[in-house]
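Once you know that position 104 of the sequence shown is 92 in this note's numbering, the rest is easy, because the numbers rise by one and skip nothing. Backbone N, C-alpha and C fix where the C-beta goes; we use that ideal spot for every residue, glycine too. A quick write-up on the structure given underneath.
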Amino acid sequence: MVALNVTVALVSFVALILDASPRTTAGEGTSVSATKLGTAPVITIQVQTPDGKSLSNVTVVGVGPSAKATLNGTSIAGGSERMQTDTEGRFRLTLNGTNLAVAVAAQVGFNLSQSRDLTNNSTIIVQPWGRIEGVRMNGNRPLTNERLCWEFNWWCLGTEMWEWFVTRNETSTDARGRFAFEHVPPTEIVMRELHQPQRKENKTDLSVTLQYIDVEPGETKDIKLVTAGRTVVGRLV
């Protein structure tokens, strides 16, 4: 009986972790109270900085399966709906039964929440951007002109949003293999190496996972992306 209770507790704990949204800070809110316009409930959300300052006149983007969005620097293009916070940093979100990614990108920082986690009078906190700098190495040799990018770790944030919310951030290493990325969201990301497709009919670059990185708010992360072993060139038929 003791072993059974421990197993049940562990399963419940794992389920709680998998259902959580990283970097989403919400107030307790109210789970029932919401203003109804028509048939769909409408909730009010407060947007703030970590020190409690309200963020007025910033754009909040709702991203769902019907319309993709692209994070480019400190702005988000596209999305299924776009909302604006008022002078007190509040906006209204209509809950239509479909889970949405609710994203804020501004000069002061970034937040990515999910509508299923938000209740009326919740507060979402926009955390300062991070920065990544580092060197790309093959053994002891720096790699020059290597194309690199980062992406969200969707296994951490929610795989259902994998194709909804894309990022546009690419750079190439210099003569010493050095690189840098500005305005990196404070969450877990994946560093990838990009390669042009060998066949003309393939329009999408091939990407190779190099390293998983957890970026803290306001942090500058200095990393080494090192490939071990020898480079083999050949042809696969």
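Check: Burial state of G52 (16 or more Cβ within 10 Å); Outcome: buried
Check: Spatial distance of A89 from N108 (CA atoms); Outcome: 16 angstroms
Check: Three-state secondary structure assigned by DSSP to L145; Outcome: helix
Check: DSSP bridge partner residues for A163 (one or two, in chain order); Outcome: Partner(s): none; A163 has no beta bridge.
Check: Span separating the alpha-carbon of S195 from that of N157; Outcome: 13 angstroms
Check: Paired residues, beta bridge with S42 - DSSP; Outcome: Q36
Check: Chain-order list of residues whose beta-carbon lies under 8 angstroms from that of F79 (same chain, five-residue window excluded); Outcome: T32, I33, V35, V48, M71, Q72, T73
Check: Close Cβ partners of L25 (< 8 angstroms) along its chain, the five nearest in sequence each way excluded; Outcome: Interpretation of L25 is limited by its pLDDT of 49, a score under 50 that renders its predicted location unreliable; the figure taken from the coordinates is listed afterwards. T82, listed in sequence order.
Check: Distance, N99 Cα to G238 Cα; Outcome: Nothing about residue 238 can be reported from this structure: the residues present for the chain run from -11 to 225 only.
Check: Candidates V214, K56, V225, A28: closest to G127 by CA position; Outcome: V214
Check: Length at least 4, wholly inside the region 41 to 94: the alpha helix (DSSP H) runs in chain order; Outcome: none
Check: C-beta atoms of Q95 and P38 nearer than 8 angstroms; Outcome: no
Check: D210 in three-state terms, based on DSSP; Outcome: strand
Check: Cβ separation of S44 and T75, assumed to be a contact under 8 angstroms, to the nearest whole Å; Outcome: 5 angstroms
Check: Rounded C-alpha distance that separates N84 from V46; Outcome: 23 angstroms
Check: Cβ-based burial, A57 [other Cβ within 10 Å; buried from 16]; Outcome: buried
Check: Proximal residues to P205 (C-beta, below 6 angstroms), its chain only, five neighbours per side dropped; Outcome: Q115, P116, P174
Check: Distance, T161 Cα to L198 Cα; Outcome: 14 angstroms
Check: Residue span of the beta strand (DSSP E) that contains L136, given as start and end; Outcome: 135 to 140
Check: Beta-carbon contacts of S42 that lie in its chain and below 6 angstroms, excluding the five residues immediately before and after; Outcome: Q36, E76, G77
Check: Own chain, CB closer than 6 angstroms to R124, minus 5 neighbours either side, in chain order; Outcome: L131, E134, T161, G165, L213
Check: Cα-Cα separation, A91 to E207; Outcome: 20 angstroms
Check: Bridge-paired residues (DSSP) for E121; Outcome: A168, D210
Check: Pair within 8 angstroms by beta-carbon distance, W142 and I177; Outcome: no
Check: Status (buried if at least 16 other CB within 10 Å, exposed otherwise) for G40; Outcome: exposed
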